[in-house]
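Residue numbers (this note's numbering): 10 to 322.
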């Protein structure tokens, strides 16, 4: 039931059917109030300059559009880099140091799945999670980091930064902001980006199936388990008849969840995403496969403005 509910909500937010469109229109008065709050906050914000290059990789729709893998791709090119994110789904609060120069300090429950994925993928970086991004920026400077990447930082209006906005390959047919639609900010705000990257044109996802770190063939009897936003997008990279079991974004899997799935799907292997893998590996699942995601950025994308920004400090 929970799986069907969160998939229904995602369809409503992005690609609604007729009934869902009616609900969307009924909620428009709340959407106008929401937009007024957003516009007021942006207009009144006085961005703070921190004396360090801060690059935000964000989007304006609810859920994932490749922020974390794009952040990994861009940040991997620099030394003394710090990644700051909120740490959704973690069992902790406040500022937490996930890794320092690649040395992991916490477990995945304390850090959150995205932060642990970043820590594993960037072996020389420092990863911080904090609801208060300003506090985390000051900590990054204290740790002598030279460049900061904000994962999902576009809406942090009080921070002076360089904004990269990711645009989905399949634009939502629902163009409204919350709660009538899936946009967190008005669609016109794409114009506020310093660089806009369109999936499918400026960057693409490359998936390799791996088992124990090596590229592998996927068994015929395989089930997809995931807890990411918009999980249906994964299906284009997998066999057409694969079965999917999805949970809400950032869900913390339990031993009972896994045992139930294995009992109901005997003789099936399991495949999952990198974000889910950092949580599932603790259950020591025998036949666990990884959808290893890499980002390829079109060589025609011009990052000269970003380089000028970094070199200005």
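A virtual CB, placed ideally from N, CA and C, is assigned to each residue, including glycine.
* **When 22, 261, 318 are compared against residue 186, the one with the closest alpha-carbon** => For this step, residue 186 is matched to residue 177 along the chain shown. Answer by Cα proximity: 22.
* Just checking, does the region 151-169 make contact with the region 93-113 on the three C-beta pairs under 8 Å criterion? -> yes
* **Inter-residue spacing [alpha-carbon to alpha-carbon] between residue 76 and residue 269** => As a first step, residue 76 must be located in the chain shown, where it is residue number 67. As a first step, residue 269 must be located in the chain shown, where it is residue number 260. Their Cα atoms are separated by approximately 32 Å.
* Asked: Short check: CB of residue 144 to CB of residue 61, under 7 Å?
  -> For the purposes of this step, residue 144 is taken as residue 135 along the chain shown, with counting starting at 1. For the purposes of this step, residue 61 is taken as residue 52 along the chain shown, with counting starting at 1. It is not a contact, given that the beta carbons lie outside the stated cut-off.
* Collapsed DSSP secondary structure at residue 256 in the structure displayed -> Along the chain shown, read from residue 1 onward, the residue named residue 256 stands at position 247. Coil.
* Asked: Are there 16 or more other CB atoms within 10 angstroms of the CB of residue 286, so buried, or fewer, so exposed?
  -> The count along the chain shown starts at 1 and reaches residue 286 at position 277. With 16 or more Cβ atoms within 10 Å of its Cβ, residue 286 is classed as buried.
* To do: Give the secondary structure of residue 283 by DSSP, where H, G and I count as helix, E and B as strand, and everything else as coil.
  => Position 274 of the chain shown holds residue 283. In the structure shown, residue 283 sits in a helix (DSSP, three-state: H, G or I).
* Contact check, residue 242 vs residue 69, beta carbons under 7 Å -> Position 233 of the chain shown holds residue 242. Position 60 of the chain shown holds residue 69. The answer is no: Cβ separation not under 7 Å.
* **Extent of the continuous alpha helix (DSSP H) run through residue 27** => The count along the chain shown starts at 1 and reaches residue 27 at position 18. Run containing residue 27: 27-35, per the alpha helix (DSSP H) assignment.
* **Option in 172, 115, 246, 47 with minimal Cα separation from residue 217** => What you label residue 217 is simply residue 208 of the chain shown in a count that begins at 1. Of 172, 115, 246, 47, the residue nearest in Cα terms is 246.
* How far does the beta strand (DSSP E) with residue 297 in it reach, from first residue to last? -> For this step, residue 297 is matched to residue 288 along the chain shown. Start and end: 297-306.
* Asked: Residues in its own chain within less than 6 Å of residue 204 by CB, not counting five upstream and five downstream?
  -> Here the question's residue 204 lines up with position 195 in the chain shown. 173, listed in sequence order.
* Is there contact between the region 259-268 and the region 83-90, where contact requires at least three CB pairs shorter than 8 Å? -> no
* Asked: Under a Cβ-count criterion, where at least 16 other Cβ atoms within 10 Å of its own Cβ denotes burial, should residue 97 be classed as buried or exposed?
  -> Within the chain shown, residue 97 is the residue found at index 88, counting from 1. By the 10 Å Cβ count, residue 97 comes out exposed.
* To do: With distances taken Cα to Cα, identify the nearest neighbour of residue 113 among 104, 99, 135.
  => Position 104 of the chain shown, counting from 1, holds the residue named residue 113. Nearest option by C-alpha distance: 135.
* **Rounded C-alpha distance that separates residue 73 from residue 82** => Here the question's residue 73 lines up with position 64 in the chain shown. Here the question's residue 82 lines up with position 73 in the chain shown. Approximately 16 Å, taken between the alpha carbons.
* Check residue 233 in the structure and name its three-state DSSP category. => Working through the chain shown from its first residue, we reach residue 233 at position 224. Under the three-state reduction of DSSP, residue 233 is assigned to strand.
* 7 Å Cβ shell around residue 85 - same chain, five flanking residues per side excluded -> Taking the chain shown and counting its residues from 1, one reaches residue 85 at position 76. Cβ within range, chain order: 131.
* Asked: Cα separation between residue 201 and residue 24?
  -> Within the chain shown, numbered from 1, the residue matching residue 201 stands at position 192. Within the chain shown, numbered from 1, the residue matching residue 24 stands at position 15. Cα-Cα distance, rounded: 25 Å.
* **Collapsed DSSP secondary structure at residue 271 in the structure displayed** => As a first step, residue 271 is located in the chain shown; it is residue number 262 there, counting from the start. It is helical.
* To the nearest angstrom, how far is it from the Cα of residue 58 to the Cα of residue 229? -> Position 49 of the chain shown holds residue 58. Position 220 of the chain shown holds residue 229. One C-alpha to the other measures close to 54 Å.
* In the DSSP assignment, find the beta strand (DSSP E) that holds residue 290 and state where it starts and stops. => Taking the first residue of the chain shown as position 1, residue 290 is located at position 281. That residue, residue 290, is in no beta strand (DSSP E); it is neither H nor E in DSSP.
* Span of the beta strand (DSSP E) around residue 108 -> The residue given as residue 108 occupies position 99 in the chain shown. Segment 105-109, the beta strand (DSSP E) holding residue 108.
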